[in-house]
Amino acid sequence: MNIEFPPTIVNASQMERGQNYLPVSKQRFIHERHSLEQWAVQLAARHHPHNQKYDVPAAVRAVVHAYERPGSVVCGFSALALYGLPYLVEGADTTLRAPTPQKLTASAIRPSVARLHAPHTETWTLTHRGVPIRVSRPLRATVQALQQIRRGEHSWQTEPIPGVSPEMVKAVQLVDCARRHLGLQAEDIRASALRQINQRWLSRALDLSRSTADSPKETELRLLLQPVVRNYGHTLVEQYPLTVGGKAITTFDFAIPELKIGIMFDGRHHWEYDQRQLDTSINLTSMLHGWTVPRAGSKTMQQCVEVVEKTIRQARRR
Numbered sequence: 003m004n005i006e007f008p009p010t011i012v013n014a015s016q017m018e019r020g021q022n023y024l025p026v027s028k029q030r031f032i033h034e035r036h037s038l039e040q041w042a043v044q045l046a047a048r049h050h051p052h053n054q055k056y057d058v059p060a061a062v063r064a065v066v067h068a069y070e071r072p073g074s075v076v077c078g079f080s081a082l083a084l085y086g087l088p089y090l091v092e093g094a095d096t097t098l099r100a101p102t103p104q105k106l107t108a109s110a111i112r113p114s115v116a117r118l119h120a121p122h123t124e125t126w127t128l129t130h131r132g133v134p135i136r137v138s139r140p141l142r143a144t145v146q147a148l149q150q151i152r153r154g155e156h157s158w159q160t161e162p163i164p165g166v167s168p169e170m171v172k173a174v175q176l177v178d179c180a181r182r183h184l185g186l187q188a189e190d191i192r193a194s195a196l197r198q199i200n201q202r203w204l205s206r207a208l209d210l211s212r213s214t215a216d217s218p219k220e221t222e223l224r225l226l227l228q229p230v231v232r233n234y235g236h237t238l239v240e241q242y243p244l245t246v247g248g249k250a251i252t253t254f255d256f257a258i259p260e261l262k263i264g265i266m267f268d269g270r271h272h273w274e275y276d277q278r279q280l281d282t283s284i285n286l287t288s289m290l291h292g293w294t295v296p297r298a299g300s301k302t303m304q305q306c307v308e309v310v311e312k313t314i315r316q317a318r319r320r
C-alpha cells in the first residue's frame, strides 16, 4: 500500500528562497500552504493534554518521524492516519514504537516513542515514494488508539450525551470510523483487544457502535436520538433510502419510517452552494410525499433532537 498526500517533504537544502515552510522535524519541512486550517489546529490544541499545536498533517508527521527512526513502528492514531482515516487523527501526537531503551515525549517536531518489544509481528509495511514504513495493522492500530483514549493521550470536543461519558463517546466514534472507513468488523476488534483493554468498557463501545456513520458527528447525533426514539416505542433506522415512483430521492441519515420522519446531519460540505440547492430540492420533494425532514448541524444537534421528539408527539396524536 502506498502512502499518498499532497505535501512534498523537503530538507533545508531543497527549500526555495522566498517561500515559507513548516518544520516537521529538525531536518525536514513542508510548504506552509499544506498547513492544517488554523481553526482546526486551535480547537485540537485546546483538547490536547499538553495544549500542543500541530500545523502539519498527522500522516506527514508519521512518515517523517518513522523515516528518521529506522526500525520503528507507527502506532495508534498515527497509523490510522496513514491508512487514510478521514477523522479523529489530527491533533494527536505522532506515536512510534522503536528499539530504544528510553521513552521520548512528543512535541511539535518530535514523536512520542516507546520501546518496541520483539517480536512485533502485527505490522504491515507501507511505502511513501519508495521508502518503506512499518505500521501497526489496522486492527492493532485501532486497539492502540482505543488505549490512547482510555489513557487520555488524545481527546477532542464531543457533544454531551446523557448516560454516556465523553470518553465512551470518543471510543464509539473511533470504532464507528474504523468500521465505516477501514472496513473493520466489531468482533475482530474485540478479538484483537483481548487482554489489552477492559472488556466491559470495550463491550459497551462495541454495543453502541454502528458501521453506518459517515462522520463522528453522525455518531453523536445517533447516540442522542436513539434513547428518545426508543422511549416512544419506535426504532431509529439508519441510512434509510427514500424512493418515489422507483426513483431514489435521497438516503436519510436516520429515519422513523412509520412516522415519515427523516433526519439529516449536514456537515461542512452542505454549506456549499450546489449542495444547498440539492438539499432544498430533497426537502421539498420529501415534504410533498408527507415526510418531515429535520436537519442538524454540529451546533444544532440538541435542537434537532427536540424537534424530532416534538414531531413524534404530534404524529402520535393524529
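Numbers given in the working numbering equal positions in the sequence shown, counted from 1, plus 2.
Where a beta carbon is used, it is the ideal one built from N, C-alpha and C, also for glycine.
When DSSP labels each residue in this structure, what does residue i get in the three-state scheme?
i, result
"Tyr69", "helix"
"His183", "helix"
"Thr214", "coil"
"Ser283", "helix"
"Pro134", "strand"
"Glu308", "helix"
"Glu124", "coil"
"Ala298", "strand"
"Glu1", "The structure shown does not extend to residue 1, since the chain is modelled only from 3 through 320, so no value can be given for it."
"Ile199", "coil"
"Pro228", "In the sequence as displayed, the identity of residue 228 is Gln instead of Pro. Looking at Gln228 - three-state DSSP - the assignment turns out to be helix."
"Gln159", "coil"
"Val58", "coil"
"Glu92", "coil"
"Asn2", "In the structure as shown, the chain starts at 3 and stops at 320, and residue 2 therefore has no counterpart that could be examined."
"Glu18", "coil"
"Glu274", "coil"
Write down the C-beta distance between residue i and residue j rounded to the nearest angstrom, noting that I regard them as a contact closer than 8 Å.
i, j, result
"Val62", "Pro9", "5 Å"
"Ile95", "Ser114", "The residue you asked about is not Ile; residue 95 is Asp in the sequence shown. Going by Cβ atoms, the distance from Asp95 to Ser114 rounds to 5 Å, so yes, they are a contact pair."
"Ala188", "Ser211", "6 Å"
"Val230", "Val307", "6 Å"
"Ile265", "Pro296", "5 Å"
"Lys219", "Gly269", "7 Å"
"Ile284", "Glu222", "Not really, about 22 Å apart at Cβ, beyond 8 Å."
"Gly24", "Ser37", "Strictly speaking, residue 24 in this sequence is Leu, with Gly absent from that position. Right, the Cβ-Cβ distance comes to about 6 Å (below 8 Å), so this counts as a contact."
"Leu118", "Pro134", "That belief does not hold up - the Cβ atoms of Leu118 and Pro134 are roughly 16 Å apart, past 8 Å."
Pull up the DSSP beta-bridge partners for residue i, would you.
i, result
"Gly264", "Ala257"
"Ser109", "Arg112"
"Tyr23", "His33"
"Trp293", "According to DSSP, Trp293 bridges with nothing at all."
"Lys249", "Val246"
"Glu220", "According to DSSP, which records beta bridges pairwise, Glu220 is partnered with nothing at all."
"Thr129", "Asn4 and Pro134"
"Arg117", "Ala100"
"Glu240", "Phe256"
"Val174", "DSSP lists no partner for Val174."
"Val145", "Paired residues: none, contrary to the question."
"Gln13", "The sequence as given places Asn at residue 13; Gln does not occur at that position. Per DSSP, Arg30."
Quick check on this structure: which residue in the options has the alpha carbon closest to the alpha carbon of residue i?
i, options, result
"Ser15", "Ile32, Glu6, Val145 and Ile5", "Ile32"
"Arg142", "Arg192, His183, Val65 and Thr102", "Arg192"
"Val26", "Arg19, Glu18 and Val12", "Val12"
"Thr214", "Thr253, Trp203 and Arg71", "Thr253"
"Gly93", "Leu84, Tyr85 and Ala110", "Ala110"
"Arg202", "Leu223, Arg182, Arg152 and Trp158", "Arg152"
"Leu82", "Pro72, Thr97, Glu70 and His119", "Thr97"
"Asn4", "Ala257, Gly235 and Val65", "Val65"
"Leu186", "Tyr69, Gly154, Val145 and Trp158", "Val145"
"Lys28", "Gln21, His67 and Arg320", "His67"
"Gln149", "His130, Ala60, Val177 and Met303", "Val177"
"Leu87", "Arg232, Gln228, Ser37 and Pro59", "Pro59"
"Val315", "Gln277, Lys262 and Asp276", "Just to set this straight, residue 315 is Arg in the shown sequence, not Val. Selected option, being the one with the closest Cα: Lys262."
"Tyr89", "His36, Tyr23 and Gln175", "Gln175"
"Ala198", "Ala147, Gln228 and Gln304", "It is worth fixing the name first, because residue 198 is Gln in this sequence and not Ala. The shortest Cα separation from Gln198 among Ala147, Gln228 and Gln304 belongs to Ala147."
"Ser157", "Gln277, Ala47 and Asp281", "Ala47"
"His2", "Leu286, Pro140, Asn22 and Gln159", "Outside the shown range of the chain, which is 3 to 320, sits residue 2, and nothing can be said about it."
"Glu34", "Gln40, Leu286, Val43 and Asn22", "Asn22"
"Cys179", "Tyr85, Gln228 and Arg112", "Tyr85"
"Phe267", "Ser217, Arg136 and Pro259", "Ser217"
"Glu161", "Ser138, Arg136 and Leu225", "Leu225"
"Arg136", "Glu70, Arg319, Gln104 and Glu155", "Glu70"
"Gln228", "Asp190, Ala298, Glu311 and Tyr56", "Glu311"
"Thr129", "Pro259, Asp276, Glu6 and Arg278", "Glu6"
"Gln159", "Glu274, Pro51 and Arg232", "Pro51"
"Ala116", "His49, Arg99 and Ala108", "Arg99"
Measuring from the CB of residue i, is there a heavy atom of the ligand ATP at a distance below 8 Å?
i, result
"Asn13", "As far as ligands go, the structure on display features none, and thus does not contain the ligand ATP."
- [ ] Specify whether the stretch 195-211 and the stretch 74-92 touch according to this definition: at least 3 beta carbon pairs, one from each stretch, less than 8 Å apart.
- [x] With the rule of 3 Cβ pairs closer than 8 Å, the stretch 195-211 does not count as touching the stretch 74-92.
Task: Three-pair Cβ contact test at 8 Å for the stretch 163-171 versus the stretch 117-132 - done: No, the stretch 163-171 is not in contact with the stretch 117-132.
Open item on the list: Counting beta carbon pairs with one atom in the stretch 282-295 and one in the stretch 238-246, are three or more of them shorter than 8 Å?
Closed with: At 8 Å Cβ cutoff, the stretches touch.
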